[in-house]
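Q:
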Amino acid sequence: PKLIISASCGVEPKDIIDYGPLLNGAIERSSWNPNKAVMTQCDLCPFPMTKGRDATGEM
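Numbering-wise, the sequence shown is residues -8 to 50 according to this note's numbering.
What follows is the structure, encoded as structure tokens:
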């Protein structure tokens, strides 16, 4: 794959899960790196973008 599409976070009944650190950690541990990552920014947990890799949408 050349593209990752994700939201910046997920809302669970008792918690908010910040996907940004999970995504960055997975990419750092992987031997494969995506060309682009499209992150839908949720107001509850904005995601700091990685220059040259990340693009954004708004939710």
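We put the CB at the ideal spot given by N, CA and C, even for glycine.
(1) So is Leu14 buried or exposed if we call it buried at 16+ other beta carbons inside 10 Å?
(2) State the Cα-Cα distance for the pair Leu35 and Ser21, rounded to the nearest angstrom.
(3) Starting from Leu14, trace the alpha helix (DSSP H) in both directions and tell me its first and last residue.
(4) Lys(-7): buried (16+ other C-beta within 10 angstroms of its C-beta) or exposed?
A: Once the coordinates are examined:
(1) Taking the sequence shown and counting its residues from 1, the one referred to as residue 14 is at position 23. Under this definition Leu14 is a buried residue.
(2) Taking the first residue of the sequence shown as 1, we reach residue 35 at position 44. Taking the first residue of the sequence shown as 1, we reach residue 21 at position 30. Taking the straight line from one Cα to the other gives about 28 Å.
(3) As a working note, residue 14 is residue 23 in the sequence shown. Counting along the chain, the alpha helix (DSSP H) containing Leu14 begins and ends at 10 to 20.
(4) Along the sequence shown, read from residue 1 onward, the residue named residue -7 stands at position 2. Burial call: exposed.
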